[in-house]
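These notes are about the structure you will find just below.
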DNA sequence: GCACGTCTGGGACACTTGACCAACTCTGGG
DNA sequence: CCCAGAGTTGGTCAAGTGTCCCAGACGTGC
């Protein structure tokens, strides 16, 4: 194995763990599966990381960061009106989920796992705070880009948006019904539009 | 141990497994933990059930059935208008979650677990079909009780409602923010009301 | 009364898991 | 040059896992 610092090795292990969790689920992310994915000997694991839970914390960080990048990537591009913008944004999110279902499922699994763990119990709250902040950021940017104003506090609307994306994702993961998911997004769009007024 | 048929024993094991899953999570629902909860010797397990996964299938059935009872229990009681009815129903659901967070989390965990398992992969689709049907039933009953009509197909609206309850539950489980959850419900109510017209 | 099929329950097996260690190798600063 | 400390690695441990087995107890039909 190439020589690398403990910090680098830890980061590499976190990336490998994410690959395993994505492909096989959290319950399959054993120390051995992770080092196999990272092509390291088992001994390296506890040299770079104090415990398995500690590494999973890193993985959550990784997932949350990745989620942010995807959400912000050029969504408000060329929408003609608020309804179009909302629909496109939600559809883009669904597309993001469809392109990597395992990763999105891993996100849920990690949240549930953390909630049950005494050492990781604080993570989910932080994780969702980040999601809500991210959604608020997108909504705030939309005001400027579309020449509109939200008639209710952006923080509240952000939470509702995350609620909808989570719910749509969960149902789609369960039944993989693309058409139904699109219809739900259309409906949600119709329901959200009245919260925007043109300035 | 009292004498009982294999079928009865299987049902008792399923109930015990649900208690364990509720309290400690799916990953803690080992054969030994389940038989300990049911106060049975370990040997009884594989006499009554061919495999652990097979029992988890029963548990999902149990949860889904219980969920249905809770959702239908006197929700449309005494609402003065559609908005009130929607808000009360969603709030009642949130209260249901708050009173038994472990069970609701267990529901999500079981869904995710089933999605990863090759033998249980068909369960989540069925599970969500039941949820959607249940929501549609409630919405249909609301039309009669409230003297309204939904302006869009009830099936589509049902999926949106499940989307919202799932999303609200997920966020609340993560941050336990009662006030924020209530605000989300208020907002969702406002967004849904336009889909109802009085007849 | 008695055999036969159902049920009981303690023990065992083969395997996986997270964690740890002691012995080795390499590298950079004095 | 050399040596202290950082990094590497295979082996090992105790605990826990799902599954299976079998000797016995029970209760029911003949």
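Chains as they are written, first to last, in this note's numbering: chain A, 1 to 199; chain B, 200 to 398.
Backbone N, C-alpha and C define an ideal beta-carbon position, used for all residues, glycine too.
If you're wondering where the values come from, they're calculated on a predicted model, not measured in any experiment.
Open item on the list: If contacts are defined as beta-carbon pairs under 8 Å, then residue 370/B and residue 159/A qualify, I think. What distance do you get, rounded to the angstrom?
Closed with: 7 Å
Open item on the list: The beta strand (DSSP E) that contains residue 348/B, what's its start and end?
Closed with: 347–349
- [ ] Could you confirm whether any beta carbon from chain A is found closer than 7 Å to the beta carbon of residue 383/B?
- [x] yes
Task: Burial state of residue 39/A (16 or more Cβ within 10 Å) - done: exposed
Task: Reduced DSSP category for residue 248/B - H, G, I as helix; E, B as strand; rest coil - done: coil
Open item on the list: On the criterion of 16 or more Cβ atoms from any shown chain inside 10 Å, does residue 145/A qualify as buried, or is it exposed?
Closed with: exposed
Task: Neighbour list for residue 27/A in chain B, Cβ cutoff strictly below 7 Å - done: 226
Open item on the list: Check this for me: beta carbons of residue 174/A and residue 334/B, under 7 Å apart or not?
Closed with: no
TODO: For residue 308/B, return the contacting residues in chain A, with the cut-off set at a CB-CB distance below 7 Å.
DONE: 112
Task: Same chain, Cβ closer than 7 Å to residue 101/A, five either side skipped, listed in chain order - done: 173
Task: Distance CB(residue 29/A)-CB(residue 17/A) smaller than 7 Å - done: yes
TODO: Return the chain-ordered ranges of every alpha helix (DSSP H) run that is complete within the region 121–177 of chain A and spans a minimum of 4 residues.
DONE: 123–146 and 154–175
Open item on the list: Just to confirm the assignment, what range does the alpha helix (DSSP H) spanning residue 220/B have?
Closed with: 205–223
Task: Reduced DSSP category for residue 388/B - H, G, I as helix; E, B as strand; rest coil - done: helix
TODO: List the residues of chain A that residue 362/B touches, going by C-beta distances under 7 Å, in chain order.
DONE: 164, 167, 168, 171 and 184
Task: Candidates 25/A, 63/A and 51/A, of which the one nearest residue 31/A by Cα - done: 51/A
TODO: Can you give me, in chain order, the residues of the region 141–161 of chain A that have a beta carbon less than 9 Å from any beta carbon in chain B?
DONE: 152, 153, 155, 156, 157, 159 and 160
Open item on the list: Given a cut-off of 7 Å on the beta-carbon distance, is the pair residue 20/A and residue 33/A in contact?
Closed with: yes
Open item on the list: On the DSSP letters alone, give me the boundaries of the beta strand (DSSP E) that residue 31/A sits inside.
Closed with: Counting along the chain, residue 31/A falls outside any beta strand (DSSP E), though it belongs to the alpha helix (DSSP H) covering 31–37.
TODO: Could you tell me which of 141/A, 114/A, 106/A and 9/A sits nearest to residue 85/A, measuring between CA atoms?
DONE: 141/A
- [ ] Can you tell me which of 387/B, 225/B, 389/B and 381/B puts its alpha carbon nearest to the alpha carbon of residue 294/B?
- [x] 381/B
TODO: Kindly indicate if chain A contains any beta-carbon less than 7 Å away from that of residue 327/B.
DONE: yes
Open item on the list: So, at 8 Å on beta carbons, what are the nonlocal neighbours of residue 361/B in its own chain, with the 5 sequence-adjacent residues on each side left out?
Closed with: 327, 330, 331 and 334
Task: Under the three-state DSSP convention, the category residue 278/B falls into - done: coil
Open item on the list: I'd like to know if residue 98/A contacts chain B, where contact means its C-beta is closer than 7 Å to some C-beta of that chain.
Closed with: no
Open item on the list: According to DSSP, simplified to helix, strand and coil, what is residue 397/B?
Closed with: strand
Open item on the list: Here's the rule: buried if 16 or more other CB atoms are within 10 angstroms of the residue's CB, otherwise exposed. What is residue 259/B?
Closed with: buried
Open item on the list: I'd like to know if residue 82/A contacts chain B, where contact means its C-beta is closer than 7 Å to some C-beta of that chain.
Closed with: no
TODO: State the start and end residues of the unbroken alpha helix (DSSP H) segment that holds residue 306/B.
DONE: 300–315
Task: Assigned secondary structure, residue 241/B (DSSP; H/G/I helix, E/B strand, else coil) - done: coil
Task: Cβ of residue 264/B within 7 Å of any chain A Cβ - done: no
Open item on the list: Taking its Cβ as the centre, do 16 or more other Cβ atoms sit within 10 Å of residue 169/A, making it buried, or is it exposed?
Closed with: buried
Task: Within 7 Å, strictly: CB atoms of residue 365/B and residue 167/A - done: yes
TODO: Output, in chain order, the set of chain B residues within a Cβ distance shorter than 9 Å of residue 57/A.
DONE: Those within 9 Å of residue 57/A in chain B number zero; the least Cβ separation is about 15 Å.
- [ ] Might you give, ordered along the chain, the residues of its own chain that have their beta carbon closer than 7 Å to the beta carbon of residue 384/B, omitting 5 neighbours on each side?
- [x] 286, 289, 290, 293 and 367
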